[in-house]
Every structure is written in structure tokens, then in C-alpha cells.
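Residue numbers (this note's numbering): 368 to 484.
So the structure is just underneath, and the comments pick up after that.
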Amino acid sequence: MHEMPEPGGIARRLLLRRTLGTGIMILIGSRVAAAADTQVIIDNFTFSPTPVNVKIGTTVTWVNHDDIPHSIVVPDLKVHSHALDTDDKFAYTFDKVGTYDYMCGLHPHMHGQVVVG
Ligand SMILES: [Cu+2]
368 MHEMPEPGGI ARRLLLRRTL GTGIMILIGS RVAAAADTQV IIDNFTFSPT
418 PVNVKIGTTV TWVNHDDIPH SIVVPDLKVH SHALDTDDKF AYTFDKVGTY
468 DYMCGLHPHM HGQVVVG
């Protein structure tokens, strides 16, 4: 099931909560949890975990735990991060279904994949 985040969604959820009571609140809670953001660690020239399977609208955050810089390049999305120093982060929100291969712009042999469904 794919749902786009939309303006007014929060207001509508509040209205639903008021109208339908606690049962729907539990349902909303699980939806929010399912769309939780995802973190990918860069360590020892490796992206981990990879691939990551995420729901549409998920923000993936890469964190560099290496002592040397890395960057994130997603060719299909024309995404190029800046060079990440140690403990720097880069976040991108995936809003289209697809399988996205990415690499490090500084070390092209470093590969990862994000699957958005
Ligand atoms: Cu790198």
C-alpha cells in the first residue's frame, strides 16, 4: 500500500482522532511507526545496512563513522551530497517508488541500495 504524504493530513488525523476515539489512535500510531526514518551507517568503506527497504516518504539518513570523508550519490535521482566528514550526516526523503542504487562520490566502488515501496 502506497500513500503520499499530503498537506492537511495532520489536521485530518486530529479530526479522525476526535471523531472515532481511541481505536483509530492506535491505528495512526502504527502508521507513523511504519514510516519511521531509516539510518545507514558508513564504516570501513561500507554502507550498512544495504539494501534498505523503506516505505514511500521515508527519510534515509547516512552517517559517516569513518575517519575519512565519504559522500552519497544517487544517479537516478541526481542526488549528490556534500563530502561528509566524521560523524556528518546527509538525509534524503524518498518520495517515489523504485529501486535506487547509490555510491560514494569519492570512492565509486562503495555501493548501496534503497528500495522504496
Ligand atoms: Cu567514500
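Where is the CB? At the ideal position from N, CA and C, for every residue including glycine.
Is D434 helix, strand or coil by DSSP?
Within the sequence shown, residue 434 is the residue found at index 67, counting from 1. Reduced to three states, the DSSP call for D434 is coil.
Taking all protein chains shown into account, decide if G484 is buried (16 or more other Cβ within 10 angstroms of its Cβ) or exposed.
In the sequence shown, counting from the first residue as 1, residue 484 sits at position 117. Result: exposed.
With a 10 Å radius around its C-beta and 16 neighbouring C-beta atoms as the bar for buried, classify I435 as buried or exposed.
Within the sequence shown, the letter at position 68 stands for residue 435. The residue is exposed, with fewer than 16 neighbouring Cβ atoms inside 10 Å.
On a CA-only basis, which of V446, I439, G465 is nearest W429? Give me that one, please.
For this step, residue 429 is matched to residue 62 along the sequence shown. It is I439.
Got a sec: does ligand 1 put a non-hydrogen atom nearer than 7 Å to the Cβ of H432?
In the sequence shown, counting from the first residue as 1, residue 432 sits at position 65. Every heavy atom of ligand 1 is 7 Å or more from the Cβ of H432, so no.
Would you check whether ligand 1 has a heavy atom nearer than 7 Å to the C-beta of R449?
Translated into the one-based positions of the sequence shown, residue 449 becomes position 82. In the sequence as displayed, the identity of residue 449 is His instead of Arg. Flag unset: Cβ of H449 not near ligand 1.
Is it the case that the region 441 to 456 contacts the region 413 to 426, given that we only count it when at least three CB pairs across the two stretches are under 8 Å?
Taking one beta carbon from each stretch, the region 413 to 426 and the region 441 to 456 have fewer than 3 pairs nearer than 8 Å; the two do not touch.
For the beta strand (DSSP E) containing A458, name the first residue and the last one.
Position 91 of the sequence shown, counted from the first residue, corresponds to residue 458. Element bounds for A458: 456 to 461.
Measuring from the CB of H437, is there a heavy atom of ligand 1 at a distance below 7 Å?
As a working note, residue 437 is residue 70 in the sequence shown. Yes.
In the DSSP assignment, find the beta strand (DSSP E) that holds S415 and state where it starts and stops.
In the sequence shown, residue 415 corresponds to position 48, counting from 1. Run containing S415: 413 to 415, per the beta strand (DSSP E) assignment.
What residues in its chain sit with their C-beta under 6 Å from that of S415, if we drop five residues either side in the sequence?
Numbered from 1 along the sequence shown, position 48 holds the residue referred to as residue 415. Hits under 6 Å: I408.
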